[in-house]
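In terms of our numbering, the sequence shown is residues 132 to 236. We put the beta carbon where it would ideally sit given N, CA and C, even for glycine. So the structure is just underneath, and the comments pick up after that.
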Amino acid sequence: MTSGFGLIVRFNLRDAEAAEAFDSLVEETLQGIRAHEPGTLSYVVHTVADEPNSRIFYELYADRAAFDQHEQQAHTRLFLAEREKYVTDFEVTFVQSQGVAGVWK
132 MTSGFGLIVR FNLRDAEAAE AFDSLVEETL QGIRAHEPGT LSYVVHTVAD
182 EPNSRIFYEL YADRAAFDQH EQQAHTRLFL AEREKYVTDF EVTFVQSQGV
232 AGVWK
């Protein structure tokens, strides 16, 4: 694979209770992605060592159109609307693939 469209998002969550609820919302979103998004090549959610109220998402899509389709899905729209209850702030970094080792899906 020589192309793709990706992003990294860091979420900082209000507190431990918000983190637990956010994680539940994320799991619902992941189920929708698995079922309905063939253009989503990788969608990985990480916890952060020594920062229990932070999450990092790594998202890789086949192309910009696949990302745009992801943004229109009902499960994604729900996530975007509901996340505000749990998040103090977030940062989005868009990335472009330079090279890949391994298999994505």
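Checklist entry - If we call anything under 8 Å between Cβ atoms a contact, is Tyr217 one with Ala152? => result Counted from its first residue, the sequence shown places residue 217 at position 86. Counted from its first residue, the sequence shown places residue 152 at position 21. A contact, by the Cβ cut-off of 8 Å.
Checklist entry - By DSSP, does Gln203 sit in helix, in strand, or in coil? => result Translated into positions along the sequence shown, residue 203 becomes position 72. Reduced to three states, the DSSP call for Gln203 is helix.
Checklist entry - Quick one: is Leu211 buried, meaning 16 or more other Cβ sit within 10 Å of its Cβ, or exposed? => result Translated into positions along the sequence shown, residue 211 becomes position 80. With fewer than 16 Cβ atoms within 10 Å of its Cβ, Leu211 is classed as exposed.
Checklist entry - Got a sec? Which residues, its chain only, sit under 6 Å from Met132 by beta carbon, not counting five neighbours each side? => result Walking along the sequence shown from the start, residue 132 turns up at place 1. Because Met132 sits at a pLDDT of 45, beneath the cut-off of 50, its placement in the model cannot be relied upon, and the following sentence gives the value as read from the coordinates. Cβ within range, chain order: Val231.
Checklist entry - Does DSSP put Ser155 in a helix, a strand or coil? => result Numbered from 1 along the sequence shown, position 24 holds the residue referred to as residue 155. If DSSP states are grouped into helix, strand and coil, Ser155 belongs with the helices.
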